[in-house]
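**Q**
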Amino acid sequence: MLTKLLKYEFKATARLFLPFYLVLLVFALVNRFIDFEQLVAIDAQVFGFGVLEMFGFLARLLYFVLVVGIQVMTLLILLQRFYKSLLGDEGYLMFTLPVHPRQHIVSKLIAAAVWITASGLVTASSIMIITARAGMWEVLQRAVSVFGSAFGVTGFFVFPGALLAVMASGILMIYAAVALGHISPRHKILVSLAWYAALGFASTTLLFIFLTRIRAPLQEITGVINDGMAINLGIVWYVLLPAVVLGAIYFVLTNYILERRLNLE
Amino acid sequence: MSDTILECRNLTKTFGRIAAVNEVTLSIPRGNIVGLLGPNASGKTTFLKLCNKLLTPTAGEVLIAGHKPGNESKKLVSYLPEKTYLNDWMKVSEIIGFFGDFYTDFNSGKAYSMLEKLNINPKDRLKTMSRGTREKVQLILVMSREAQLYLLDEPIGGVDPAARDYILDIILENYDPATTIILSTHLIADIEKILEQVVFLKEGRVVFHRSVEQIREESGKSVDSLFREVFRC
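Residue numbers (this note's numbering), protein chains in the order written: chain A, 1 to 265; chain B, 1001 to 1233.
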């Protein structure tokens, strides 16, 4: 059932994301070929004032608007796919399917994580399109080899793993806040926002306590796990462990509300 | 297999201080077309949502073929809500694929043949359809399942009188005597001819539950006139 949910989740979201990505990459290409010196020269020769220069500037501005737009859109769609498709009118369909609520949460979470990653990669690619210069590939390769010698092969798994865990925990915090807002009889959106702030505050406080109190024993554990790489990789565990624990708490909370306290009004 | 398809005991749902469904105790046997009748705000929609686990009861319980509402009951129940719940960007054919993917009892051949009879193009997107047509699509999807229990909330409420007869025909055509249909409405005269049992709901309580035959024998009245008598303002 999860694969079927994922199939429809990606179908519903790809139609929104893919055209946006395409526009961003096209604008990056346009910006790549904008040579302001040349535009100024043509302007001086042909128009006598900065017509092309203005268009060039506009293209650059639009590119930045698109970059910001994609990040905002990713967040909004992530929210909308949970709020509208589960707790809005579409929820009447989704919650009458023979599917467990936890599968709904997992499918939304996987799709959201994939799109956040994709939006990040497309944005990074668009920046590369604009800024790529000869010798850049070598610089990148050197950066990878420096990273490899510092953290070893494990680093290539642990760092993205930690990033993914932090991302998942962040998404699940949003879901938990929306679900908590849902059980309020009134002002659901406002209550969700208040819960988001409260969960954010509580999580940061817990993270702070964790970092200050449990530092020493954790270093021992990571020392064993990483076999000597604790000095470098140990820091990741401080991020990874709390993210996994908090993410699990948010997941259980959201699942409990969708399973036991659902009220689609 | 138990003879009872739906059973509730002291089922209650309150919103603030208002009890939308109030200590309802009810047992519906298999193989009946049951009218859930009551004026506006009598608790019909809330009752059907409780049976589908879209609302959590404040007290009491409901059992579908012995199961508490959940994954098992959802496999048995085909529910038509009073809302339009479909993605409007999807084509009808895609929604049929969606239902086929999730419900093992969904018969897509049946759905396509009903669409054809109602002149609805499966390639059309819901976005381009009128509200009435969308409601017809929803009813077709719901009736194309070979479920044990159909819960239909106002299936004829949004369509014109000419289409009502056709919709009732769809319901009857797809009705297998082993299954049960519970449909809520306040348009009693239109559906009276297909009903076998009626449940009157008033302010969230069951005030009356009889077979249509019993009503005719005991009072000599039609369901419609009995309804008008019970709910006279």
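For glycine and all other residues, C-beta sits at the position ideal for the given N, C-alpha and C.
Does DSSP put Ile-70(A) in a helix, a strand or coil?
**A** Residue mapping note: residue 70(A) aligns to position 70 of the first sequence, counting from 1. In the structure shown, Ile-70(A) sits in a helix (DSSP, three-state: H, G or I).
**Q** Tell me, please, whether the CB atom of Asn-31(A) is closer than 8 Å to any CB atom in chain B?
**A** Along the first sequence, one-based indexing puts residue 31(A) at 31. Not an interface residue.
**Q** Compare the C-alpha of Ile-189(A) against each of Leu-29(A), Leu-22(A), Leu-87(A) and Leu-52(A) and name the closest.
**A** Along the first sequence, read from residue 1 onward, the residue named residue 189(A) stands at position 189. Ranking Leu-29(A), Leu-22(A), Leu-87(A) and Leu-52(A) by Cα distance to Ile-189(A) puts Leu-87(A) first.
**Q** Determine the extent of the beta strand (DSSP E) in which Ser-1078(B) is found, giving its start and end residues.
**A** Residue mapping note: residue 1078(B) aligns to position 78 of the second sequence, counting from 1. Where Ser-1078(B) is concerned, the enclosing beta strand (DSSP E) stretches over 1077-1080.
**Q** Taking any Cβ of chain B, which residues in the stretch 75-100 of chain A have a Cβ under 8 Å from it, in chain order?
**A** Of all residues in the stretch 75-100 of chain A, Asp-89, Glu-90, Gly-91, Tyr-92, Leu-93, Phe-95, Thr-96, Leu-97, Pro-98, Val-99 and His-100 have a Cβ within less than 8 Å of some Cβ in chain B.
**Q** Near Gly-181(A), which residues of its chain fall below 7 Å by C-beta distance, leaving aside the five closest residues on each side in sequence?
**A** Here residue 181(A) is taken as the residue at index 181 of the first sequence, counted from 1. Within the same chain, Gly-181(A) has close Cβ partners Lys-188, Ile-189, Val-191, Ser-192 and Trp-195.
**Q** Mind pulling the beta strand (DSSP E) runs of 3 or more residues that sit fully within the stretch 1043-1084 of chain B?
**A** Complete beta strand (DSSP E) runs here, min 3: 1059-1064 and 1077-1080.
**Q** Does the separation of the CB atoms of Asn-1010(B) and Gly-1070(B) fall below 8 Å?
**A** Numbered from its first residue, the second sequence carries residue 1010(B) at position 10. Numbered from its first residue, the second sequence carries residue 1070(B) at position 70. Not in contact: Asn-1010(B) and Gly-1070(B) (Cβ atoms no closer than 8 Å).
**Q** Against chain A, does Leu-1086(B) count as a neighbour if the rule is that its beta carbon must be under 8 Å from one of theirs?
**A** Locating residue 1086(B) in the second sequence gives position 86, where the first residue counts as 1. Output row for Leu-1086(B): interface = yes.
**Q** Taking just the CA atoms, how far does Leu-163(A) sit from Val-275(A)?
**A** With chain A represented from 1 up to 265, any question about residue 275(A) goes unanswered, as that position is not in the structure.
**Q** Starting from the beta carbon of Phe-1106(B), find every residue of chain A whose beta carbon is closer than 7 Å, and list them in chain order.
**A** Translated into positions along the second sequence, residue 1106(B) becomes position 106. Result: empty, since nearest Cβ-Cβ is about 11 Å, beyond 7 Å.
**Q** Taking all protein chains shown into account, decide if Gln-1214(B) is buried (16 or more other Cβ within 10 angstroms of its Cβ) or exposed.
**A** Walking along the second sequence from the start, residue 1214(B) turns up at place 214. With fewer than 16 other Cβ atoms within 10 Å, it is exposed.
**Q** Whose CA, out of Trp-137(A), Leu-199(A) and Phe-36(A), lies closest to the CA of Gly-170(A)?
**A** To locate residue 170(A), count along the first sequence from 1; it is residue 170. Out of Trp-137(A), Leu-199(A) and Phe-36(A), Leu-199(A) has the C-alpha closest to the C-alpha of Gly-170(A).
**Q** Please name the residue or residues paired with Gly-1035(B) in a DSSP beta bridge.
**A** The residue you call residue 1035(B) lines up with position 35 of the second sequence. DSSP lists Leu-1183(B) and Val-1198(B) as partners of Gly-1035(B).
**Q** Excluding five sequence neighbours on each side, which residues of the same chain lie with their C-beta closer than 6 Å to the C-beta of Leu-1036(B)?
**A** For the purposes of this step, residue 1036(B) is taken as residue 36 along the second sequence, with counting starting at 1. Closer than 6 Å at Cβ, skipping near neighbours: Lys-1044, Ile-1182, Ser-1184 and Val-1199.
**Q** What does Arg-261(A) reach in chain B if we use C-beta pairs closer than 8 Å?
**A** In the first sequence, residue 261(A) corresponds to position 261, counting from 1. Correct list: Thr-1056.
**Q** Hey, quick one: how far does the alpha helix (DSSP H) through Arg-1205(B) stretch, first residue to last?
**A** Counting from one through the second sequence, the residue named residue 1205(B) turns up at place 205. Careful: Arg-1205(B) lies outside any alpha helix (DSSP H), inside the beta strand (DSSP E) at 1205-1211.
**Q** Run the CB neighbour count on Val-46(A), radius 10 Å, all protein chains shown included, and call it buried at 16 or more, exposed below.
**A** Numbered from its first residue, the first sequence carries residue 46(A) at position 46. The residue is exposed, with fewer than 16 neighbouring Cβ atoms inside 10 Å.
**Q** Which stretch, first to last residue, makes up the beta strand (DSSP E) that contains Phe-1015(B)?
**A** Within the second sequence, residue 1015(B) is the residue found at index 15, counting from 1. Looking at the DSSP string, the run of the beta strand (DSSP E) that includes Phe-1015(B) is 1004-1015.
**Q** Are the CB atoms of Ile-1064(B) and Val-950(B) within a distance shorter than 8 Å?
**A** Nothing in the structure corresponds to residue 950(B), since chain B is present only between 1001 and 1233.
**Q** Please report the straight-line C-alpha distance between Asp-1088(B) and Arg-1125(B), rounded to a whole angstrom.
**A** In the second sequence, counting from the first residue as 1, residue 1088(B) sits at position 88. In the second sequence, counting from the first residue as 1, residue 1125(B) sits at position 125. So the two alpha carbons sit approximately 7 Å from each other.
**Q** Cα separation between Gly-228(A) and Ala-243(A)?
**A** As a working note, residue 228(A) is residue 228 in the first sequence. As a working note, residue 243(A) is residue 243 in the first sequence. Caution applies to Gly-228(A), whose pLDDT of 49 falls short of 50 and renders its modelled position unreliable; the value that the coordinates give is listed next. Approximately 24 Å between the Cα atoms of the pair.
**Q** Ile-231(A): buried (16+ other C-beta within 10 angstroms of its C-beta) or exposed?
**A** As a position in the first sequence, residue 231(A) is number 231, starting the count at 1. Unreliable placement is indicated for Ile-231(A), whose pLDDT of 47 sits below 50; no coordinate value is reported for it.
**Q** With a Cβ-Cβ cutoff of 8 Å, do Thr-123(A) and Val-166(A) count as a contact?
**A** On the first sequence, position 123 is the one that residue 123(A) refers to. On the first sequence, position 166 is the one that residue 166(A) refers to. No, the pair does not count as a contact, with Cβ atoms beyond the cut-off.
**Q** Of the choices Lys-1068(B), Ile-1120(B) and Glu-1154(B), whose alpha-carbon is the least far from that of Thr-1046(B)?
**A** On the second sequence, residue 1046(B) is found 46 positions in, with the first residue counted as 1. Of Lys-1068(B), Ile-1120(B) and Glu-1154(B), the residue nearest in Cα terms is Glu-1154(B).
**Q** At the level of alpha carbons, what is the spacing between Ile-1028(B) and Gln-71(A)?
**A** The residue labelled residue 1028(B) in the question sits at position 28 within the second sequence. The residue labelled residue 71(A) in the question sits at position 71 within the first sequence. Using only the alpha carbons, I get a separation of about 53 Å.
**Q** Enumerate in chain order the residues of its own chain whose CB-to-CB distance from Arg-1031(B) is below 8 Å, with the five nearest sequence positions on each side excluded.
**A** One-based indexing of the second sequence puts residue 1031(B) at position 31. In the sequence under discussion, the amino acid at residue 1031(B) is Gly, which differs from the Arg named in the question. Here the set comprises Pro-1177, Ala-1178, Thr-1179 and Thr-1180.
**Q** Helix, strand or coil for Asn-1119(B), going by three-state DSSP, please let me know.
**A** Position 119 of the second sequence, counted from the start, is the residue given in the question as residue 1119(B). Asn-1119(B) falls in the coil class under three-state DSSP.
**Q** Under a three-way DSSP split, which group does Leu-264(A) fall into?
**A** Taking the first sequence and counting its residues from 1, one reaches residue 264(A) at position 264. Correct three-state label for Leu-264(A): coil.
**Q** Taking the alpha-carbon positions, what's the Arg-260(A) to Val-1142(B) distance?
**A** Within the first sequence, numbered from 1, the residue matching residue 260(A) stands at position 260. Within the second sequence, numbered from 1, the residue matching residue 1142(B) stands at position 142. The straight-line gap from Cα to Cα measures roughly 25 Å.
**Q** Using a 10 Å radius around the Cβ and a threshold of 16 neighbouring Cβ atoms, would you call Ser-1002(B) buried or exposed?
**A** Along the second sequence, one-based indexing puts residue 1002(B) at 2. Exposed, because fewer than 16 other Cβ atoms sit within 10 Å of the Cβ of Ser-1002(B).
**Q** Thinking C-alpha only, which one of Gln-1197(B), Lys-1091(B) and Lys-1053(B) is nearest Asp-1224(B)?
**A** Position 224 of the second sequence holds residue 1224(B). Taking only the C-alpha atoms, the option nearest Asp-1224(B) is Gln-1197(B).
**Q** Taking all protein chains shown into account, decide if Phe-17(A) is buried (16 or more other Cβ within 10 angstroms of its Cβ) or exposed.
**A** Numbered from 1 along the first sequence, position 17 holds the residue referred to as residue 17(A). Per the 10 Å Cβ criterion, buried.
**Q** Rounded to whole angstroms, how far is the Cβ of Val-245(A) from the Cβ of Val-158(A), which I believe are closer than 8 Å?
**A** For this step, residue 245(A) is matched to residue 245 along the first sequence. For this step, residue 158(A) is matched to residue 158 along the first sequence. So it is not a contact: roughly 17 Å between Cβ atoms.
**Q** Would Arg-60(A) count as contacting chain B if we go by Cβ distances under 8 Å?
**A** Start at 1 with the first residue of the first sequence, and residue 60(A) comes out as number 60. Judged by the 8 Å Cβ criterion, Arg-60(A) is not in contact with chain B.
**Q** If the cut is a Cβ gap below 9 Å, which residues of chain A does Phe-1200(B) touch?
**A** Working through the second sequence from its first residue, we reach residue 1200(B) at position 200. Neighbours of Phe-1200(B) on chain A: none; closest Cβ ~24 Å, over 9 Å.
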